[in-house]
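Read through the structure below, which is laid out as structure tokens, and then see the notes.
Numbering (this note's numbering), first residue to last: 12 to 427.
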């Protein structure tokens, strides 16, 4: 599911040509209804636990000549068997729960004329319907925010059973008790939901970081650039998606272009990345000096059939073997500028520029610079998903080689 979703999204992304006044994301995460259905399983389990901890107050009242009081109300487990989380356009999420049920135990005491009685009771509460609307947003630091925009609870069936032998007495006030407890529970459910969202869920969200350390050189900023966007079928989170150097963070010399996300909603989660996401990584690693690689004799396959020494260049650099006869060589590859990637409707294009510095390894293990080559190529790729597999094509154009510097004289490196 994950890799397929990534490929479908990235393969269908189209970059617009004009910048907008709003801050565009470098990375987008889309959660569809299928994804929300999966998340609902975890979220409802947490809500069940919270509702089971409802604290119900003692209360008393009067009905004609009958005085009653209920105390030590204890709520049993709260069961939410049927629930669904759906996005609401331009608002956030709706949590709808139906056919929920619970039980309440407690002690009762009554006084009717000269009769006094007391005991315990059990209250069965069934067919509870709860609707919660959550507003999603973001703060100035790019962290998500969540609040309860609306909550309603309705209980259609309440049945109380009193312990004792004076059935006619209980019938005088059981309907009053059921009505009072229904209203208390309906109010308490929404009060508890609002408090849990504010005190626990929102507090937890505020502790979440919006940056992460990739390695000892690079970090990534995935803060929100706008509040999460809800539609009738999905929830989109626009993230900054910017890599940066841990040693020195500087502004990026370009802005992210708008992303046109695909209309597909079959998968649970989709990820979309613009060229900004990849190119800030290239800039960060380039500034950190991480885009440097070495090719040595030890890296060659054992069946290569040749050794990486000055003799293999004798055909077109005869002076090299004279100056450094049969000496082992190594190459150091580096990028003179940060690599730049373009993502368009036709696929991915990449024009890498690599400097290859050749060295001769002297007997005392020091390095003698020989020559510096510049290699420039054109690479394009198209990625898609077919029958559940990632497929694509890669086209590597002609690599152009030029001589930038030489300590062994000039020589020809490009041919018609």
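Idealized CB from N, CA, C, for every residue including glycine.
Because the structure is a prediction, the values reported are computed rather than measured.
Residue 382 is a Cβ neighbour of residue 418, given a cutoff of 8 angstroms. Residue pairing of residue 186 in beta bridges, as defined by DSSP: absent, with no partner found. Under the three-state reduction of DSSP, residue 47 is assigned to helix. Around residue 305, the same chain offers 341, 342, 343, 344 as residues with beta carbons nearer than 8 angstroms, after the five sequence neighbours per side are excluded. Non-local beta-carbon contacts of residue 130 in its own chain, meaning distances under 8 angstroms to residues more than five positions away in sequence, involve 118, 119, 173, 174, 175 in chain order. Between residue 57 and residue 108, the C-beta gap is not smaller than 8 angstroms, which leaves the two residues out of contact. As computed with DSSP, residue 201 is found in no beta bridge at all. Cβ neighbours of residue 212 within its own chain (closer than 7 angstroms, five residues either side excluded): 157. Under the DSSP assignment, residue 290 falls in the alpha helix (DSSP H) whose first and last residues are 286-298. Put simply, the backbone Cα of residue 228 is about 18 angstroms away from that of residue 220. Each residue's CA atom was taken as its position, placing residue 303 and residue 349 some 12 angstroms apart. The beta carbon of residue 43 is closer than 7 angstroms to those of 244, 245, 276, 278, 279 in its chain, skipping five residues each way along the sequence. Spatial neighbours of residue 239 in its own chain (CB-CB distance under 7 angstroms, excluding positions within 5 residues in sequence) are listed in chain order as 147, 155, 246, 247, 248.
Contact holds between the segment 290-303 and the segment 248-263, because three or more Cβ pairs, one in each stretch, are under 8 angstroms apart.
DSSP places residue 98 in the uninterrupted beta strand (DSSP E) bounded by 93-99. Within its own chain, the residues whose Cβ lies closer than 8 angstroms to the Cβ of residue 54, once the five positions on either side in sequence are excluded, are 96, 106, listed in chain order. Restricting attention to 100, 79, 166, the CA atom closest to the CA of residue 128 is found in 79.
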